[in-house]
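Sequence order for the protein chains is C and S.
Under the numbering used here, the first residue of the first sequence is numbered 1, with each subsequent residue one higher.
Under the numbering used here, the first residue of the second sequence is numbered 1, with each subsequent residue one higher.
For glycine and all other residues, C-beta sits at the position ideal for the given N, C-alpha and C.
For reference, the structure is listed below as structure tokens.
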Amino acid sequence: MATKVVERKPLSLAERTYLPQIVSGLRVTMKNMFKPPVTLEYPDERPDIPPGYRGVPTLVKDPNGREKCVSCQLCEFVCPPKAIRITPAEIPEDAETAHVEKAPEEFEINMLRCIYCGLCQEVCPEEAIFLQDIFSVTGTSREELVFKKDKLYALGGTLPDSHYKWEKKKSAERAGNPHH
Amino acid sequence: MSEGQEDKRIPIFVDGEEVKVNPGTNLIEAVAQAGKEVPHYCYHPKLSVVGNCRMCLVEMGMPGRDRATGEPMLEEDGSPKIMWVPKPVIACATNAAPGMHVKTESPVVKECREGVMEFLLVNHPLDCPICDQAGECRLQEFATDYGRGYSRFIEQKNVKPKRTRLGPRVMLDDERCILCSRCIRFCEEVAEDPVLGFIDRGSYTTLTAFPGRELANNYSLNTVDICPVGALTSTDFRFKMRVWFLKETDSVDTESSVGCNTVVGSREGKIYRITPRRNDHVNDTWMPDSGRTLYKQVEAENRLTGYSIDGKPCAPDEAMSLAASLLKGHRVAIVGSGRLSVEEQYLLRLARETLGGGAPTFLVGRTGEGDGKLLSADRNPNTRGALLSGLVDTLPKEDLHDLAHLIADGAVDTLLVAGEDLTEAGVTREQLKRVQIVYMGTHHNDTSSVAKVEIPLLAVFEKSGTFVNQQFRVQKFAQAVPGPKGVLFGLSNFTRLLDALGGTARIAPSPANVWTAMSRDVPEFADLRFEDIPRTGTVVDDARFAELPFVEGPGLHFEPKRAEAAADA
Numbered sequence: 001m002a003t004k005v006v007e008r009k010p011l012s013l014a015e016r017t018y019l020p021q022i023v024s025g026l027r028v029t030m031k032n033m034f035k036p037p038v039t040l041e042y043p044d045e046r047p048d049i050p051p052g053y054r055g056v057p058t059l060v061k062d063p064n065g066r067e068k069c070v071s072c073q074l075c076e077f078v079c080p081p082k083a084i085r086i087t088p089a090e091i092p093e094d095a096e097t098a099h100v101e102k103a104p105e106e107f108e109i110n111m112l113r114c115i116y117c118g119l120c121q122e123v124c125p126e127e128a129i130f131l132q133d134i135f136s137v138t139g140t141s142r143e144e145l146v147f148k149k150d151k152l153y154a155l156g157g158t159l160p161d162s163h164y165k166w167e168k169k170k171s172a173e174r175a176g177n178p179h180h
Numbered sequence: 001m002s003e004g005q006e007d008k009r010i011p012i013f014v015d016g017e018e019v020k021v022n023p024g025t026n027l028i029e030a031v032a033q034a035g036k037e038v039p040h041y042c043y044h045p046k047l048s049v050v051g052n053c054r055m056c057l058v059e060m061g062m063p064g065r066d067r068a069t070g071e072p073m074l075e076e077d078g079s080p081k082i083m084w085v086p087k088p089v090i091a092c093a094t095n096a097a098p099g100m101h102v103k104t105e106s107p108v109v110k111e112c113r114e115g116v117m118e119f120l121l122v123n124h125p126l127d128c129p130i131c132d133q134a135g136e137c138r139l140q141e142f143a144t145d146y147g148r149g150y151s152r153f154i155e156q157k158n159v160k161p162k163r164t165r166l167g168p169r170v171m172l173d174d175e176r177c178i179l180c181s182r183c184i185r186f187c188e189e190v191a192e193d194p195v196l197g198f199i200d201r202g203s204y205t206t207l208t209a210f211p212g213r214e215l216a217n218n219y220s221l222n223t224v225d226i227c228p229v230g231a232l233t234s235t236d237f238r239f240k241m242r243v244w245f246l247k248e249t250d251s252v253d254t255e256s257s258v259g260c261n262t263v264v265g266s267r268e269g270k271i272y273r274i275t276p277r278r279n280d281h282v283n284d285t286w287m288p289d290s291g292r293t294l295y296k297q298v299e300a301e302n303r304l305t306g307y308s309i310d311g312k313p314c315a316p317d318e319a320m321s322l323a324a325s326l327l328k329g330h331r332v333a334i335v336g337s338g339r340l341s342v343e344e345q346y347l348l349r350l351a352r353e354t355l356g357g358g359a360p361t362f363l364v365g366r367t368g369e370g371d372g373k374l375l376s377a378d379r380n381p382n383t384r385g386a387l388l389s390g391l392v393d394t395l396p397k398e399d400l401h402d403l404a405h406l407i408a409d410g411a412v413d414t415l416l417v418a419g420e421d422l423t424e425a426g427v428t429r430e431q432l433k434r435v436q437i438v439y440m441g442t443h444h445n446d447t448s449s450v451a452k453v454e455i456p457l458l459a460v461f462e463k464s465g466t467f468v469n470q471q472f473r474v475q476k477f478a479q480a481v482p483g484p485k486g487v488l489f490g491l492s493n494f495t496r497l498l499d500a501l502g503g504t505a506r507i508a509p510s511p512a513n514v515w516t517a518m519s520r521d522v523p524e525f526a527d528l529r530f531e532d533i534p535r536t537g538t539v540v541d542d543a544r545f546a547e548l549p550f551v552e553g554p555g556l557h558f559e560p561k562r563a564e565a566a567a568d569a
């Protein structure tokens, strides 16, 4: 095997004193000492969550306070770890949202199973389920980490709506059929 | 086609490919035989043709003939010249003719379908997320194939009633209706109870029941099955479960000896609905409404779910050995049931033979009025199975007075009851208290409450097996859901009892194994294996029972062999 001898340059005087290296190192230290810090005092301080972040899945209501989920069960179908479980029910005929006809009686997301993939949000035809900015989930029992409908709505809150699909439907119903 | 028989089928050409079809076949069926599909809404194979949805438009042409000479016209390359009809025709109302050419995939046909779909979707609501039909909706399917993906319709959609109650079991959403009129034709032609019709004109056309009438006949839910969209929905199944979750299992309707073929839809061990399965020899594509709610018995309050001795829970083996010691060496009578499967009846017969063979055996007859369609007078699904398997050799009576006399005379001191409530059949509780009872059944009742040993059985949805219907057609049913926790699976209850009694024939508790044994004992089943029974069933020889006065009257695809029975019905 051929051997290659690397030639080493002898150190200059300045290099031999190590002073320029110490000074340039200290310059970096000093610069960072007076810059604002990049770390956060978690949990007292919270990071800004960028848009599109996939946090805990939540259920949302529209600005009129109507629950948007109609329990079509597509999220239950698409959910890869089968974390979602919906019990569908009919909305009673005397309710204000009777024209929507269907709403979940129970909506469960097992957060021990959820993998935060966001497929439920992507598949939802009613824009009712969103992975928002909550990233820290803790609990002391398995039951506690199966999120029920009221908890999911509490976490989700209200989001703006650009369609008002069912309100339009109701106003069309009120306007009635020109034939009759 | 067998030797000597003339092949009457005629050749037609579907997109250039030759298929032979029977004369009189319409183009939808003919194209289906070529392995292709013509999309359609109003056409249904078991109803008359109206041709009002226009979805099945295809191009059609015949080989041309010279008018002067009558000679076939040829292209330059020598192939026959096809004279295409200038406009597309509807496939459902066009019958195949010899040499006919059909185009099902041409640009014109595709354009026709896209046009029809656009018009159908103009007033159709965007209800798919809440619609029960989603997943098995023809409109949804063909909208993905031929839909535009967006709507050019900017006007207000039509408003129609969303929750019309057509009858006790059927709800109508008029906005979803595409006016195919299948349900109207079904009520007129099959149910023979014409109560539905269209009112108003154009896009205001609305399906409704005639004033003062409602869709209440026992076949009303078939309209829900044939509705190609979600306009007609079943009040029982409405909003319960999306259809894509349902596991479908072939089963048989147990409410009468017709044995309608069914599909059981279940998810995670819970049954949600029962729908008919097509069998052109038995029930076409229909079934009675009364058979669709039978799944509720599976989760009934009084369901028997555990083994017990004197009302105290025990292990299966304890129950079996006590049952065997009660039965052995006593004066035993056996009460079987026309609701048990053929295999269970046969194992009961083996149990009787193990006990010496002399035990009097009874069956409880159930009769009701037959409706001349799919509900026969014999309300036991498997009376003929009991005859074939050799459990009994006469037709059952509705009451068990003969058994009551035997108990009163002291000729019987132990009863083996499988699947029947004796108090309903004319045996009093006092009489039952005089004997020791081994009760096998699916539910608690007055007989089980005085029984020494209770052995829980599986309901028809929880086991596999066969029934023999009024045509002597052996029909298979499959297990849809698991049985209650702790109940022995399959036929184990019967085979273990047989083992406990000291039976020499040791049979593994599956229908296939029982059939192996049964084909040796029952001449009609000699060449039959369980695995070989087709989905639509197979008819066995009924010559041995030709003289028995069966109670069934004529029905769909059934003519009673004995004229007297027909006259009685």
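| query | result |
| --- | --- |
| Compare the C-beta of Q140 (chain S) against all C-beta atoms of chain C and say whether one is closer than 9 Å. | no |
| For F153 (chain S) and chain C, any beta-carbon pair shorter than 9 Å? | no |
| Kindly identify the DSSP beta-bridge partner or partners of N32 (chain C). | DSSP, once it has assigned bridges, lists no residue as partnering N32 (chain C). |
| Round the Cβ separation of N279 (chain S) and T536 (chain S) to the nearest angstrom and send it over; I've been treating them as touching at under 8 Å. | 5 Å |
| Grab the span of the beta strand (DSSP E) containing N110 (chain C) for me, first residue to last. | K102 to N110 |
| Quick check on I84 (chain C) - is its C-beta less than 9 Å from some C-beta in chain S? | no |
| Figure out for me which residue from S:S492, S:F210, S:Q133 and S:R152 has the closest Cα to the Cα of L166 (chain S). | S:F210 |
| Among all the DSSP beta bridges, which residues are the ones paired with H443 (chain S)? | S:R303 |
| Using a Cβ-Cβ cutoff of less than 6 Å, which residues in the same chain neighbour V78 (chain C) once the five nearest sequence positions on both sides are dropped? | L119 and V123 |
| Report the residue from C:M30, C:T97, C:L13 and C:S136 whose alpha carbon sits nearest the alpha carbon of Y42 (chain C). | C:S136 |
| Mind checking which residues open and close the alpha helix (DSSP H) that includes A404 (chain S)? | H401 to D409 |
| For D250 (chain S), which three-state DSSP category applies? | strand |
| Does the distance from the C-beta atom of K296 (chain S) to that of V481 (chain S) stay below 9 Å? | no |
| Going along the chain, which residues of its own chain have a beta-carbon closer than 7 Å to the beta-carbon of T94 (chain S), five neighbours each way excluded? | N26, L27 and M60 |
| Select from S:V417, S:L416, S:V427 and S:N261 the residue whose C-alpha is nearest the C-alpha of E398 (chain S). | S:V427 |
| Which residues in the same chain as E299 (chain S) place their Cβ atom closer than 7 Å to its Cβ, once the five residues preceding and following it in sequence are excluded? | none |
| Quick check on Q475 (chain S): does DSSP put it in helix, strand or coil? | strand |
| K36 (chain S) to W286 (chain S), Cα distance in whole Å? | 25 Å |
| Hey, would you say H444 (chain S) sits closer than 9 Å to L304 (chain S), going by beta carbons? | yes |
| Going along chain S, which residues have a C-beta under 9 Å from V70 (chain C)? | P129 and I130 |
| Alpha carbon to alpha carbon, how far is H557 (chain S) from E248 (chain S)? | 26 Å |
| What does V364 (chain S) pair with, by DSSP beta-bridge criteria? | S:K397 |
| Quick check on DSSP: helix, strand or coil for Y146 (chain S)? | helix |
| For a contact defined as C-beta to C-beta under 7 Å, what are the partners of K102 (chain C) on chain S? | I130 and F239 |
| Just curious, the alpha helix (DSSP H) that P511 (chain S) is in, first and last residue? | P511 to D521 |
| With a threshold of 7 Å on Cβ separation, who are the neighbours of V60 (chain C) within its own chain once the five nearest residues in sequence on each side are excluded? | K68, A128, F130, G156, G157, T158 and L159 |
| Cβ of I12 (chain S) within 9 Å of Cβ of G99 (chain S)? | yes |
| Please report the straight-line C-alpha distance between T206 (chain S) and D200 (chain S), rounded to a whole angstrom. | 6 Å |
| Assign K160 (chain S) to buried or exposed, taking buried as 16 or more other Cβ atoms, counted over all protein chains shown, within 10 Å of its Cβ. | buried |
| What are the complete beta strand (DSSP E) segments, minimum 3 residues, inside the segment 196-280 of chain S? | 196-199, 206-209, 232-234, 247-252, 261-267 and 270-276 |
| Within this structure, are the beta carbons of L126 (chain S) and K165 (chain C) separated by less than 9 Å? | yes |
| Would you identify the three-state DSSP class for G52 (chain C), choosing helix, strand or coil? | coil |
| Using a 10 Å radius around the Cβ and a threshold of 16 neighbouring Cβ atoms, would you call N83 (chain S) buried or exposed? | Before going further, note that residue 83 (chain S) is Met rather than Asn in the sequence given. It is exposed - the Cβ of M83 (chain S) has fewer than 16 other Cβ atoms within 10 Å. |
| Which residues, in order along the segment 162-180 of chain C, keep a beta-carbon less than 7 Å from a beta-carbon of chain S? | A172, E173, G176, N177 and H179 |
| By how many angstroms is the C-alpha of K81 (chain S) removed from the C-alpha of Q471 (chain S)? | 50 Å |
| Let's see if you can read the secondary structure: which residues bound the alpha helix (DSSP H) around F130 (chain C)? | Looking at the DSSP string, F130 (chain C) is not in any alpha helix (DSSP H); the run it does join, the beta strand (DSSP E), is I129 to L131. |
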